[in-house]
Amino acid sequence: MNGITIALSKGRIFEETLPLLAAAGIVPAEDPETSRKLILPTNRPGVSLVLVRASDVPTYVQWGAADLGVAGKDVLLEHGGEGLYQPVDLGIARCRMAVATKRGYDWAGNVQRGARIRVATKYVTIAREFFAGKGMHVDLIKLYGSMELAPLSGLADAIVDLVSTGNTLKANDLVEVETIMPITSRLIANPGSLKLKRDVVKPLVDALAAAAPAMAAAT
Ligand code: ATP
Ligand code: PRP
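Next up, the structure:
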């Protein structure tokens, strides 16, 4: 394939990447919210976007099915980053990874007395490393979504999930008890594409990187 393919996920990543692409002179030919197409041509001949699940973006880029992609740091840490070059922190989709419990749960007390704590999360790698770093032994329960339900239903004592405004926690009577790390989305590249398609890929990476600080400042 001679052209360039950029992997994005629908929703927040697509919407927040759009202004960066526009600054680089790239405008999708269709709106993914109304189109059912998974490959979107753009105004730039040879540049197309592919729409995949957020957690599949690194896989597409790693295997060269996409030359570039935009993925959250959470997704990249869970993926492991193997076979990926991460050239730019785009500063978009800004949130944080945190531990939350039901309001009133004695997190500090339970941690202090070394109680066996059950933690439900989609982010098992991040959670495992965080608790290991604190010398805590926890039982991790893997979930694929609706983490907030776990402490409410008795499945777990705590969750590790993304928090932005805190509204989701509040709506479910949960409180943040630990902040693990800030999260933003990164531009990732296939190392082979960077070499073999350098003439096209490098200027595009540079243009997106140049637009990113302005976007980050605006959010
Ligand atoms: P998948 O579809 O693969 O399950 P997802 O549902 O987490 O993934 P999105 O909700 O579109 O996908 O989130 C994409 C990225 O945006 C996440 O990986 C994270 O980095 C970031 N993100 C998630 N939630 C928020 C939020 N509330 N505010 C800001 N950024 C967020
Ligand atoms: C994410 C995350 C939290 C929520 C936090 O979910 O999983 O549930 O955002 O944001 P807040 O602190 O601003 O409420 P999202 O809205 O992406 O839905 P999803 O679970 O379908 O990914």
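Going by the numbering used here, the sequence shown opens with residue 21, and the numbers climb by one from there. Don't be surprised by glycine CBs; every beta carbon is placed ideally from N, CA and C.
Taking 7 Å as the cut-off, is the beta-carbon of residue i closer than that to any non-hydrogen atom of the ligand ATP?
i: Gly89; result: no
i: Ala74; result: yes
i: Asp226; result: no
i: Gly31; result: yes
What does DSSP give as the partner residue(s) for residue i in the beta ladder?
i: Lys122; result: Leu194
i: Leu71; result: Leu28
i: Gly165; result: Answer by DSSP bridge pairing: none, since Gly165 is not bridged.
i: Val225; result: Paired residue(s): none; Val225 is not in a bridge.
i: Val180; result: Val119, Thr141
Between residue i and the ligand PRP, is there a pair consisting of the residue's CB and a ligand heavy atom that are separated by less than 7 Å?
i: Ser213; result: no
i: Asp94; result: no
i: Asp193; result: no
i: Thr199; result: no
i: Gly165; result: yes
With a cut-off of 8 Å on the beta carbons, I'd call residue i and residue j a contact; round off their distance for me.
i: Arg64; j: Gly45; result: 7 Å
i: Ala118; j: Glu196; result: 5 Å
i: Ala43; j: Ala176; result: Actually they are not in contact, since the Cβ atoms of Ala43 and Ala176 sit about 42 Å apart, beyond 8 Å.
Have a look at the options and flag the residue whose alpha-carbon is nearest the alpha-carbon of residue i.
i: Val67; options: Val90, Ala113, Thr25, Glu50; result: Thr25
i: Ala232; options: Glu98, Val90, Leu214, Leu160; result: Val90
i: Glu53; options: Thr62, Ser75, Ser29, Ala43; result: Ser29
i: Leu163; options: Arg206, Leu96, Ala147, Ala152; result: Ala147
i: Glu198; options: Pro61, Pro39, Pro211, Ala120; result: Ala120
i: Glu36; options: Val108, Ser205, Thr79, Leu194; result: Ser205
i: Pro78; options: Val221, Gln106, Arg218; result: Gln106
i: Asn210; options: Ala170, Asp87, Leu40, Leu175; result: Asp87
i: Leu58; options: Glu102, Leu40, Ala27, Pro39; result: Ala27
i: Arg116; options: Val221, Ile208, Ile200; result: Ile200
i: Gly92; options: Val221, Ile208, Glu50; result: Ile208
- Message: Quick check: the segment 151–158 against the segment 124–141, are at least 3 beta-carbon pairs closer than 8 Å?
- Response: yes
- Query: Is the segment 78–89 in contact with the segment 110–117, if contact means three or more CB pairs nearer than 8 Å?
  - Reply: The segment 78–89 vs the segment 110–117: no contact.
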